[in-house]
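Trainee: Okay, here's the structure, questions in a sec.
Chains as they are written, first to last, in our numbering: chain E, 1 to 138; chain H, 139 to 268; chain R, 269 to 370.
See below:
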């Protein structure tokens with residue numbers, strides 16, 4: 001699936017809460033396909049997008065599929081740069097304890113389990129976004 | 139320059155498809171190349187052949203179809219998003235045992251890989267949505 | 269080359285303009301279009317935030333969307349450049365990436 005060795009910085013920008021609209025789910029579907037293309041992938045969760053990563057989602061009462069477990073599988077797809085904006089969490093009264101712990105296994109370090117979720121402040125996030133070649137918004 | 143265009147909303151409810159159409163026409167007039175237009179989320183509904191808008195209104199699926207024919211544009215409807223929303227071409231119709239299909243001429247149904255490829259191959263990817 | 273940020277929602281309806289201004293790096297450009305043009309207007313609750321951001325980012329607004337809404341180019345905040353679709357296309361070529369604040 002490699003495109004003649006071109007590697008671009010792809011950023012997937014998530015700013016919407018899950019379930020109220022389909023964007024979170026269909027964004028995740030793109031990311032899972034994108035993982036096969038050997039590009040430099042970053043996921044960003046800002047504004048209400050941070051709610052996509054909460055623990056303990058239970059959709060039994062709304063008749064919709066709970067897709068939140070898929071985020072914890074992203075490490076298996078070699079997606080290891082997941083940025084959550086600190087200010088967005090704070091504004092919503094959330095902390096990292098409210099979020100799933102996302103990990104990946106580092107093949108260059110004897111498959112040691114490492115964090116793939118990074119809480120970053122707006123200045124750092126601003127820098128990350130500005131470095132991207134392709135930004136896909138959902 | 140080579141452009142990839144992503145349209146995330148259907149026709150009429152949101153301005154996304156109209157804005158994208160104006161953008162693409164301008165880009166073509168300026169001599170740019172449109173590598174691909176990818177329809178995702180409700181954007182897949184831009185490919186319907188069954189819309190009958192009032193005569194004094196624009197027909198967006200037809201406008202895309204005609205622009206594509208004139209300029210050799212690659213209009214791709216995401217298969218996963220299309221299946222959810224009942225957009226089928228003839229192959230998909232047969233495969234899923236449905237009795238009709240509704241994709242306007244000039245559109246084709248394909249996978250999300252086509253979106254990633256558009257991101258890789260285009261100099262700029264521009265997304266229109268809600 | 270810096271990034272181009274495109275905002276298509278009114279600041280009265282969504283936080284997309286505020287989020288864009290919070291995260292747009294210094295030196296980048298912001299285009300207001302569709303309902304986003306409302307953010308380019310003088311004398312609104314949001315005008316000051318836009319005017320204050322001008323020291324860090326350059327602003328553009330899509331003229332056809334202003335006209336469509338019965339608004340007037342003359343009421344655009346000083347320093348915001350009114351462009352047409354050709355100008356929109358040029359802006360995308362002049363910046364390294366285009367981020368849509370959906």
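Heads up, the beta-carbon is just placed ideally off N, CA and C, and yes, glycines get one too.
#1: Quick one: what does DSSP say residue 248 (chain H) is sitting in, helix, strand or coil?
#2: If residue 177 (chain H) sits next to residue 217 (chain H), beta carbons under 8 Å apart, how far is it from one beta carbon to the other, in whole angstroms?
#3: I'd like to confirm the pairing. Which residues does DSSP put opposite residue 174 (chain H) in its beta bridges?
#4: For residue 160 (chain H), report the span of its alpha helix (DSSP H) as first-last.
#5: Are there three or more Cβ pairs, one per stretch, closer than 8 Å when the stretch 344 to 359 of chain R is compared with the stretch 110 to 123 of chain E?
#6: Is there contact between the stretch 257 to 266 of chain H and the stretch 226 to 234 of chain H, where contact requires at least three CB pairs shorter than 8 Å?
#7: Which one of R:359, R:300, R:279 and R:369 has the shortest CA to CA distance from residue 329 (chain R)?
#8: Out of H:155, H:160, H:144 and H:202, which has the shortest C-alpha to C-alpha gap to residue 357 (chain R)?
#9: Between residue 368 (chain R) and chain H, is any beta-carbon pair separated by less than 7 Å?
#10: My guess is that residue 184 (chain H) and residue 202 (chain H) are in contact by the Cβ rule of under 8 Å, so how many angstroms apart are they, rounded?
#11: Assign residue 179 (chain H) to one of three DSSP states: helix, strand, or coil.
#12: Distance, Cα to Cα, residue 295 (chain R) vs residue 364 (chain R)?
#13: Go ahead and pull the three-state DSSP assignment for residue 105 (chain E).
#14: Inspect the beta-carbon positions of residue 213 (chain H) and residue 244 (chain H) and report whether they are closer than 7 Å.
#15: Tell me, please, whether the stretch 40 to 48 of chain E touches the stretch 283 to 295 of chain R by the rule of three or more beta-carbon pairs shorter than 8 Å.
#16: At a Cβ threshold of 7 Å, is residue 286 (chain R) touching chain E?
#17: Flag residue 91 (chain E) as yes if its beta-carbon sits less than 7 Å from any beta-carbon of chain H, otherwise no.
Mentor: Taking the definition as stated:
#1: When DSSP states are grouped into helix, strand and coil, residue 248 (chain H) belongs to the strand group.
#2: Distance from residue 177 (chain H) to residue 217 (chain H) at the Cβ level is roughly 11 Å; contact not present, criterion being Cβ atoms closer than 8 Å.
#3: Per DSSP, the beta bridge partners of residue 174 (chain H) are H:142.
#4: Residue range 154 to 167 is occupied by the alpha helix (DSSP H) that includes residue 160 (chain H).
#5: They do not touch, by the three-pair rule.
#6: The stretch 257 to 266 of chain H, when compared against the stretch 226 to 234 of chain H, does not touch it at the 8 Å Cβ threshold.
#7: The option with the nearest alpha carbon to residue 329 (chain R) is R:300.
#8: Nearest of H:155, H:160, H:144 and H:202 to residue 357 (chain R), Cα basis: H:160.
#9: For residue 368 (chain R), the answer is yes, since a Cβ of chain H falls inside 7 Å of its Cβ.
#10: Correct: roughly 6 Å between the Cβ atoms.
#11: Reduced to three states, the DSSP call for residue 179 (chain H) is helix.
#12: When the Cα atoms are used, residue 295 (chain R) and residue 364 (chain R) turn out to be separated by approximately 12 Å.
#13: The DSSP-derived three-state label of residue 105 (chain E) is strand.
#14: Cβ distance < 7 Å, so residue 213 (chain H) and residue 244 (chain H) count as in contact.
#15: Taking 8 Å as the limit for Cβ pairs, the verdict is that the stretch 283 to 295 of chain R does touch the stretch 40 to 48 of chain E.
#16: Chain E contact via Cβ: absent.
#17: In terms of beta-carbon proximity, residue 91 (chain E) stays away from the interface with chain H, with every pair separated by 7 Å or more.
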